[in-house]
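Undergrad:
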Amino acid sequence: MIDENFYSALEFKLTKAFSKADNELINSFWCDGILPIPAEDVTRIGKKYKKELRTTAFLGNDGQERYLMTIFFGPKALTNYSRGIDLEDCIPDHTKNNWFAVDVVNKSISIRLL
């Protein structure tokens, strides 16, 4: 389920993960918000043609720069979503930094859920 709790958990874990990232450009980044994904896009999750969603996130040293965010759904996230189960536990541990990639030049971020 993609709801306010999911967005809040993702913002929190991203901000913690940024502080532990190997990339010095994003060590002081934080996430100040993620725009809700339109319902018509969310309903397509799990179909063969749709295993990711795109939205806007507010990141940066002040948390106010607009970034294109792509959220990729892994097997656990697809299963949880299809069963109506929360996706919060599909967000990887903030102590690891292999589940997100930030492109500061093109203002984009990719997230890989479990």
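In this text, residue positions in the sequence shown follow the UniProt record's numbering: the first is 1, and each later residue adds one. We put the beta carbon where it would ideally sit given N, CA and C, even for glycine. The structure presented is a predicted model; accordingly, all values stated were derived computationally and were not measured.
What are the boundary residues of the beta strand (DSSP E) that includes Thr55?
TA: Its beta strand (DSSP E) spans residues 52-59.
Undergrad: Shortest alpha-carbon distance to Leu25 belongs to which of Leu114, Pro38, Ala101?
TA: Comparing Cα positions, the closest option is Ala101.
Undergrad: Give the range of the beta strand (DSSP E) segment to which Leu68 is assigned.
TA: Unbroken beta strand (DSSP E) run through Leu68: 65-72.
Undergrad: Could you have a look at Ala101 and say whether DSSP puts it in helix, strand or coil?
TA: If DSSP states are grouped into helix, strand and coil, Ala101 belongs with the strands.
Undergrad: State the start and end residues of the unbroken alpha helix (DSSP H) segment that holds Ser82.
TA: Note, Ser82: alpha helix (DSSP H), 75-82.
Undergrad: Kindly give me the distance between the Cβ atoms of Ser108 and Leu68, rounded to whole angstroms, as I take these residues to be in contact under 8 Å.
TA: 4 Å between Cβ atoms; contact.
Undergrad: In the DSSP assignment, find the unbroken beta strand (DSSP E) run with Ser108 in it and report its ends.
TA: It spans 108-112 - the beta strand (DSSP E) in which Ser108 sits, taken as one unbroken run.
Undergrad: Are the beta-carbon atoms belonging to Ile111 and Ile71 less than 8 Å from one another?
TA: Closer than 8 Å, so yes.
Undergrad: Between which two residues does the alpha helix (DSSP H) harbouring Ser19 extend?
TA: Counting along the chain, the alpha helix (DSSP H) containing Ser19 begins and ends at 4-19.
Undergrad: Check the DSSP bridge columns for Ile34 and list the partner residues they point to.
TA: Answer is Ala57, bridged to Ile34.
Undergrad: Evaluate Lys20 with the Cβ neighbour count: other Cβ atoms within 10 Å of its Cβ, from every protein chain shown; 16 or more gives buried, anything less gives exposed.
TA: Exposed, because fewer than 16 other Cβ atoms sit within 10 Å of the Cβ of Lys20.
Undergrad: So what's Glu24 in DSSP terms, helix, strand or just coil?
TA: Three-state DSSP puts Glu24 in coil, outside helix and strand.
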